[in-house]
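Notes to accompany the following structure.
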Amino acid sequence: MLLPLALLGCHGDPNPAPPADTLAVTEGPTLDAPPPGPVVGGVRTLHVATDRPAALSATLTGPEGPRTLAWPAADRHDVPIVGLRPDADYELAVTLSADGDDLALTPLPLRGDPLPDGFPDVTVLEAHPDRAAPGATLLGAYSPGGPGAWVLLFDAAGVPVWWLAVDPFLSVLLPTDDGLVALGADDILALDWTGAVTRHLTPNPQDPADVPLAVPYIHHELFPLPDGGWLTLGQRAVDVDAYPVSYADPETLQPATIADNLVYELSADGAVRRELSLAEVLDTTRIGFNGLDRALFQLPGYDWAHANGVVLDPRDGDWIVSVRHQDALVKLTPAGEIRWILGDPAGWQAPWAEHLLTQAAPFRWPYHAHAPELDPDGLVLLFDNGNDGHTPYDPPPAEVPTSRLVALDVDEDAGTVSLAWSFAPERDGPLSSLALGDCDRLANGDVLGVWGLLVAEGGATNLAQGRGLYSTRVIEVDPTDDASVLDLRLSSDRAANDVGWGVYRAERILLPGAR
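Read in our numbering, the sequence shown has 299 at position 295, and its numbers run on one by one without any break.
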């Protein structure tokens with residue numbers, strides 16, 4: 005539905021001809037809802053054209069107070085107004101400016117969309133918007149093995165302010181100038197805020213507009229590079245002469261087929277610039293727990309490495325790879341030279357053991373971790389799932405650790421690592437995320453964490469508490485005092501959805517037009 009906006013300050017003739025040197029609207033302004041198709045809410049598109057390039061500023065006022073938006077000069081604006089709370093009333097005041105000439109448009113009332121069916125249950129356990137880092141929290145939620153997947157955006161109070169129904173699940177989500185880029189099942193999609201796919205890189209092009217992706221599939225990671233390319237991960241089956249076939253006796257080796265993980269550096273057009281095989285640089289005779297699982301994506305063989313993250317170290321151009329089933333972070337040159345290995349030293353033998361970092365002071369090693377990140381101070385941030393709390397080469401600990409956020413300080417010259425900070429939530433804890441998870445440094449120094457696949461909270465299973473099997477907690481924490489600035493639970497009512505909801509990662513992003 006198109007809604008006209010009138011000009012302020014009209015007297016006498018309701019449509020007077022403006023002076024020749026006065027900024028004039030030539031089309032619109034109109035405000036429309038997203039087009040039919042995907043289930044999308046929390047967005048409207050403002051259209052307005054002027055007789056010469058004009059900057060657009062707007063104030064969106066609603067229950068959370070005023071929010072100021074701005075776009076640079078253009079003779080036509082088609083801009084998304086994103087971040088409308090469900091069923092909430094707003095007013096949008098727009099001003100156009102060119103050469104010192106300001107034109108204010110009559111404020112427009114608009115109303116947020118109702119939440120759709122099948123939406124996750126959202127519980128705000130803690131929210132202090134005055135302490136939160138700028139922006140809104142973006143994440144993808146899915147019901148593992150069950151119905152439905154969503155891309156969701158939450159404001160600083162934990163209220164959903166934009167959503168998009170997707171199929172399949174979009175795991176890694178990153179903001180772009182005009183929307184989002186996402187990692188799909190085996191492809192890369194660019195989306196605008198109405199949910200329309202604006203670019204699609206895929207190994208199986210079906211549409212003439214599809215961009216061929218030069219690898220059979222990618223998984224777990226989409227790390228943006230400064231030139232528009234990406235680091236990501238692939239997989240292929242390889243045969244090895246010796247592989248552990250028992251967690252209880254990891255020294256017993258047999259020939260086997262394993263899943264080799266590949267690190268890809270892709271160009272913006274989907275071409276492979278560089279490729280690195282982990283099986284060629286790491287020890288395929290070493291096993292971690294879950295290393296006897298079947299490989300992902302119906303690939304034959306054992307899931308030896310299960311790499312789940314790769315980031316660029318901008319200081320030297322090297323890659324830091326999270327290798328979940330080896331309980332290790334590995335820093336590599338793109339040519340495959342090992343700089344260091346961070347993780348439990350048990351089971352590593354020469355020559356790999358020579359690259360192990362030693363602890364500057366004792367701390368708990370991370371296990372089955374996710375989402376490595378380098379913060380501005382050079383600390384390595386990591387979501388430590390804590391699975392099992394040991395490797396098959398050592399006896400189990402007296403108590404299996406729970407999941408936590410960690411910041412690690414690596415001294416490459418000394419070959420040491422120390423624990424700079426860690427956090428495990430106390431509210432409804434301890435929390436153990438079997439898989440998934442994220443740990444991001446935010447603009448104000450806070451850390452955003454995702455406990456992405458919980459089966460229990462507060463000492464009782466989700467099922468026992470009337471929820472679906474899985475739940476997720478998304479927590480922003482201030483490391484100066486470990487206070488929870490935001491704490492959200494995504495879950496389901498067991499009667500409506502007995503699977504529940506999981507989340508892989510989350511990002512704090514600025515909404516379109518934010519300044």
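Note that CB positions come from ideal geometry on N, CA and C, so glycine has one too. Predicted model only: the values in this text are computed from it and were never measured.
Nearest-angstrom Cα distance between residue 118 and residue 90?
The straight-line gap from Cα to Cα measures roughly 5 Å.
Tell me whether the segment 214-228 and the segment 246-256 touch, counting them as touching only if at least three CB pairs, one residue from each stretch, are closer than 8 Å.
No, the segment 214-228 is not in contact with the segment 246-256.
Over the uninterrupted beta strand (DSSP E) stretch that includes residue 276, give me the two end residues.
Per DSSP, residue 276 belongs to the beta strand (DSSP E) from 276-281.
Going by C-alpha distance, which of 253, 418 and 26 is nearest residue 351?
Nearest of 253, 418 and 26 to residue 351, Cα basis: 253.
Can you tell me whether residue 449 is buried or exposed, with buried defined as 16 or more other CB within 10 angstroms of its CB?
Its Cβ having fewer than 16 others within 10 Å, residue 449 is exposed.
Which word fits residue 136, buried or exposed, when buried means at least 16 other C-beta atoms lie within 10 angstroms of its C-beta?
Buried, because 16 or more other Cβ atoms sit within 10 Å of the Cβ of residue 136.
When burial is assigned at 16 or more other CB atoms within 10 Å of the CB, is residue 35 buried or exposed?
With 16 or more Cβ atoms within 10 Å of its Cβ, residue 35 is classed as buried.
Could you name each continuous beta strand (DSSP E) segment of 3 residues or more that falls completely within the segment 167-219, going from the start of the chain to the end?
177-180, 183-187, 192-195 and 201-206, all fully within the segment 167-219.
Taking residue 277 and residue 271 to be in contact with their CB atoms under 8 Å, please state how far apart those CB atoms are, rounded to whole angstroms.
Between residue 271 and residue 277 the Cβ distance is about 5 Å, and since that is below 8 Å, they are a contact.
Counting pairs of beta carbons, one from the segment 62-70 and one from the segment 89-103, are three or more of them closer than 8 Å?
Result yes; three or more Cβ-Cβ pairs closer than 8 Å.
Using 8 Å as the Cβ pair cut-off and three pairs as the minimum, do the segment 296-306 and the segment 227-245 touch?
Contact holds: three or more Cβ-Cβ distances are below 8 Å.
Could you give the distance in angstroms between the alpha-carbon of residue 338 and the alpha-carbon of residue 344?
Each residue's Cα considered, the two are about 14 Å apart.
Determine the direct distance from the alpha carbon of residue 349 to that of residue 484, and round the result to whole angstroms.
Going by the C-alpha atoms only, they are around 31 Å apart.
In this structure, what does DSSP give as the bridge partners for residue 94?
In the DSSP output, where bridge partners are listed per residue, residue 94 has 114.
Report the rounded CA-to-CA distance for residue 381 versus residue 51, giving the unit in angstroms.
Between residue 381 and residue 51, the C-alpha separation is close to 42 Å.
Restricting to Cα atoms, I'd like to know which of 177, 320, 463 and 412 is closest to residue 4.
This structure leaves residue 4 out entirely; the chain is present only between 5 and 519.
Using 8 Å as the threshold, is the C-beta distance between residue 386 and residue 376 below it?
Yes; because the gap between Cβ atoms is below 8 Å, this pair is in contact.
Using C-beta distances below 8 Å, list every residue in its chain close to residue 82, excluding the 5 sequence neighbours before and after it, in chain order.
Answer for residue 82: 49, 50 and 51, listed in chain order.
What is the rounded straight-line gap between the Cα of residue 10 and the Cα of residue 100?
Because residue 10 sits at a pLDDT of 34, beneath the cut-off of 50, its placement in the model cannot be relied upon, and the point is left open.
Cα separation between residue 228 and residue 234?
Spanning the two alpha carbons is a distance of roughly 5 Å.
Can you find at least 3 beta carbon pairs, one from the segment 156-165 and one from the segment 187-205, that sit closer than 8 Å?
Because the criterion of three Cβ pairs below 8 Å is not met, the segment 156-165 and the segment 187-205 do not touch.
State the Cα-Cα distance for the pair residue 519 and residue 62, rounded to the nearest angstrom.
So the alpha carbons of these two residues sit roughly 11 Å apart.
Beta-carbon within less than 6 Å of residue 16's beta-carbon, same chain only, minus the 5 sequence neighbours each way: which residues are those?
Model confidence at residue 16 stands at a pLDDT of 42, short of 50, so the residue's coordinates are unreliable; what they give is reported in the following sentence. Excluding residues within five positions, none has a Cβ falling inside 6 Å.
Closer than 6 Å by C-beta to residue 152: which residues in its own chain qualify, once you throw out the five before and the five after it? Chain order, please.
Around residue 152: 122.
Alpha carbon to alpha carbon, what distance is there between residue 436 and residue 60?
Cα to Cα, residue 60 sits roughly 47 Å from residue 436.
From the DSSP output, read off the bridge partner residues of residue 269.
235 and 278.
State the start and end residues of the unbroken beta strand (DSSP E) segment that holds residue 561.
With the chain represented from 5 up to 519, any question about residue 561 goes unanswered, as that position is not in the structure.
Consult DSSP for residue 363 and reduce its assignment to one of helix, strand or coil.
Strand.
Going by C-alpha distance, which of 334, 406, 145 and 370 is nearest residue 314?
Per the Cα distances, 334.
Roughly how many angstroms separate the alpha carbons of residue 57 and residue 26, rounded to a whole number?
Between residue 57 and residue 26, the C-alpha separation is close to 12 Å.
Looking only at its own chain, which residues have a Cβ that is under 6 Å from the Cβ of residue 404, when we skip the five neighbours before and after it?
So the qualifying residues of the chain are 393.
Is it buried or exposed for residue 470, if we count other Cβ within 10 angstroms and need 16 for buried?
By the 10 Å Cβ count, residue 470 comes out exposed.
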